[in-house]
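Chains as they are written, first to last, in my numbering: chain A, 1 to 437; chain B, 1001 to 1474.
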């Protein structure tokens, strides 16, 4: 099966029109010794029914447990309308809207995405999406370096460790000087930051809520960062938090990046995610990625189009602001539909998530878990339990995934679990977890 | 049509949330609490109608032929969407642990193996989230390779037929780009290349087949020239569809490459992503691949982070996993014959269109093409341009080809039909193109005023860039 509809007769007619005898004659530009004589050693073709069976079997051999995992990928209920609308093939079988006259659907949705992301983050401009949270951080840092021509970047160790790893990779490739600064009691120490800040510091990266679940004092951090004339880059891991706690924009962030995937996208074993990048207006011409702008058509009607493309690689080549081309368009569409359906219900959902987390924490404390941090959290928190790895393994066998092992990422966090709860955990499931302890 | 914000009315509600745990006291201090977030207030039906209407203003592969050159807009089989939405995959948390993820890891390991078979490469990383991301990871591998050898090589050679992402990816890793010219026949200019390759050359990135749709007849000589000076040879595999099942990229002398799953392996383009751009390497570069690598011991699969020479992590998790499932399903359904047939018919379709259209349009390079070919607007009458032709094509119910690329052809019209278009569709497209040519002669204003039948008329892109409006404001 190759989804080709030619009959033998079609093929010979076409070969005749081309003026060759066989399909093989169309490959004579490839040196003969390179042309394969035999078919590739791939598994034999399957019918649709067999493929369906094979993939169902593979899906079933993953374990779906009651999950209390977050750490950068948050499960939320996805209203049925999100899937029903996204599967409209005019959306998902289109490509980058290079021809605006037949792409107003995609373009309008991206424009709405840019607007919604600006509102959520408190920023003035947002692009059309990035690959994921980690690469959006890397691009945010590169944008900062381009903007103030400084080569040093400070990053809090309470930023998601995967993001820090990705930024290290990009910083190495770009020859940037990247330095981490410590946290205390689960939050950045503004004093530690102040010591590190120098005239070559381009940006300071913090996350809120951070990887421990703690909400950072962004206003205080912004004050320190701006006194050194550096940019404050705020990473957001769980965009739902923005419906409950003050936006980074209100608190002094210059650039907001991270993950918007939990707005209407499944966790899907970590991909596709939905990277976001929003910033203050002054960054607009240095932004990577696509931007959609409002304009008019020949009849003066409102229309949307890809804009400021002189930033982009197909025009500017090696002087482009980034190499990003294909991004996460369909995931952005999902988030736009999700946010439209939820409306102000997003705040209700955020508060429910928070209440559930408070409730779960209290019940775990009653079961012998211990607090690690004192500060406020959103839907994720850190607790300590002696022998947490053995406990987690025991719970896994009972069908519960309780938290991410922080000891794997931080020396001082042995026996600590990062625990998350969302509306995907029903009250009954929480009861069952507590009973299983 | 408008935007969703214009349909918002206070008091409406699309989706409600559970009223659980009302008695739990919230702990966010009031100074931290958000107020005044602007949201859309609309009923479910309002939202459904809005996005349904938006979809009707869009054109996808399911709407009709989409001959967008170098983008391989082939038909996306529906089974792919079904397998990728299975709950065991879609709801699997990336940190669920290896024991709980064996099915997912096995699919990833096998898919990487199939890509090795198809390309001849020795190992693949699926982590890159798009083609340009694969390129970037590839250039990082090149950087790491020379760093380890303590060789200071600063230059990466890129032909003038390359995708714009190539030079941008190179610049992001601190290399200097030097452009290699092409001959009149569309191959790399070997004399110029011989002058350019020296001890400062880290690598050359070649799109193969190139953006003129041509297979470089000197491919082995290019590889030899580079290897003789210790440089690496990178293949931009965006156009792999043309040679899949017919020849292997590594056999041509390439050391590393990326593949676009959303092009060659039928995963839908999603209006601009998510894509997937796996990076494949020859054995000597394997240790530099990004972490984690999927390892196999017997029938057990794991995530291997213990790779001291790796360039490091490049994705939040493991890449666009749900996209892998679609490509995996597709390759399993095609099998070895299907993979070859797809490649052969993609080339057959392109050559058929070329043979029929060259009578009516300027064809700068007339030789057997691979998956695509490039026409020029050079001898169009009455000042009709490529842009006019593209817009007129929209009027007839097709998507337009890629235009004004590659830059070395005047007013380039790059046409890639892919293998999934039937003879009837191709013939109808040819008739349309002939008709547009005649219209350009007899009624040029009609072509210059196109499109007329699309949801909006010609869009003012210049005006949009002059005073950018990038978000909705009342």
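Each residue gets a CB set at the ideal place from its N, CA and C atoms; glycine is no exception. Nothing here was measured: the structure is a model prediction, and the numbers come from that model.
Going by beta carbons, residue 1127 of chain B and residue 1269 of chain B fall outside the 7 Å limit.
Shown here for residue 190 of chain A: same chain residues with a beta carbon closer than 7 Å to its own, the five before and five after excluded, namely 220, 221 and 224 in chain order.
Residues are counted here when their Cβ sits less than 9 Å from a Cβ of chain A; for the segment 1049-1061 of chain B these are 1050, 1051, 1052, 1053, 1054, 1055, 1056, 1057, 1058, 1059, 1060 and 1061, given in chain order.
Taking a Cβ-Cβ cut-off of 8 Å, residue 1235 of chain B has no neighbours in chain A, whose nearest Cβ is about 13 Å from it.
Between the segment 1233-1248 of chain B and the segment 1258-1273 of chain B, the count of Cβ pairs shorter than 8 Å is three or higher; the stretches touch. One Cα belongs to residue 252 of chain A, the other to residue 144 of chain A, and the distance between them is close to 15 Å. Your pair residue 1252 of chain B and residue 342 of chain A does not check out as a contact, with CB atoms roughly 51 Å apart and the cut at 8 Å. Under a criterion of Cβ atoms nearer than 9 Å, the residues of chain A adjacent to residue 1422 of chain B are, in order, 4, 5, 6 and 10.
The C-beta of residue 418 of chain A has 16 or more other C-beta atoms within 10 Å across all chains shown, which makes the residue buried. A direct Cα-Cα distance of roughly 23 Å separates residue 194 of chain A from residue 374 of chain A. In terms of beta-carbon proximity, residue 1460 of chain B lines the interface with chain A, with at least one pair separated by less than 7 Å.
Under the Cβ distance rule, residue 1465 of chain B counts among the residues neighbouring chain A, one pair being separated by less than 7 Å. Within the same chain, and ignoring the five residues on either side of residue 1011 of chain B in sequence, the residues whose Cβ sits closer than 8 Å to its Cβ are 1041. Inter-residue distance for residue 315 of chain A and residue 1159 of chain B is about 15 Å (C-alpha atoms, whole angstroms). If you look at residue 1116 of chain B, you'll find it isn't in any beta strand (DSSP E); it sits in the alpha helix (DSSP H) that goes 1102-1119. About 4 Å separates the CB atoms of residue 1211 of chain B and residue 1406 of chain B; that is less than 8 Å, so the two are in contact.
Counting along the chain, no alpha helix (DSSP H) covers residue 1374 of chain B; the unbroken beta strand (DSSP E) around it starts and ends at 1373-1375. Residue 101 of chain A carries a helical assignment under DSSP once its states are collapsed to helix, strand and coil. Counting only the Cα atoms, residue 1327 of chain B lies some 37 Å from residue 378 of chain A. DSSP places residue 67 of chain A within a strand segment (E or B) once states are collapsed to three. Residue contact with chain B for residue 222 of chain A: absent (no Cβ-Cβ distance below 7 Å to any residue of chain B).
Partner residues in the beta bridge of residue 130 of chain A, as assigned by DSSP, are A:275. Nearest Cα to residue 401 of chain A within the set A:279, A:437 and A:413: A:437. Taking residue 1192 of chain B as reference, the option from B:1320, B:1023 and B:1222 with the minimal CA-CA separation is B:1222. The Cβ atoms of residue 1416 of chain B and residue 1372 of chain B lie closer than 7 Å to each other. Not flagged as an interface residue toward chain A: residue 1116 of chain B, since no C-beta distance is shorter than 7 Å. Note on geometry: alpha-carbon atoms of residue 1322 of chain B and residue 1360 of chain B lie some 43 Å from one another.
Residues of the segment 1124-1144 of chain B that bring their beta carbon within less than 8 Å of a beta carbon in chain A comprise 1129, 1130, 1131, 1132, 1133, 1135, 1136, 1139, 1140 and 1143, in sequence order. With respect to chain B, the C-beta atom of residue 409 of chain A has no partner C-beta closer than 7 Å.
Residues of the same chain with a CB within less than 8 Å of the CB of residue 1116 of chain B, apart from the 5 flanking positions on each side, are 1122, 1123, 1124 and 1280 in chain order. It is roughly 10 Å from the alpha-carbon of residue 1355 of chain B to the alpha-carbon of residue 1367 of chain B.
Apart from the 5 residues on each side of it in sequence, residue 1186 of chain B sits with its Cβ closer than 6 Å to the Cβ of 1212, 1214 and 1365 in its chain, given in chain order. Using a Cβ-Cβ cut-off of 9 Å, residue 1321 of chain B is close to 268, 269, 270, 271 and 272 of chain A, given in chain order. Shortest Cα-Cα distance from residue 1318 of chain B to any of B:1108, B:1016, B:1162 and B:1430 involves B:1108. In the structure shown, the three-state DSSP call for residue 195 of chain A is helix. Counted as a single uninterrupted DSSP element, the beta strand (DSSP E) harbouring residue 418 of chain A occupies residues 416-420.
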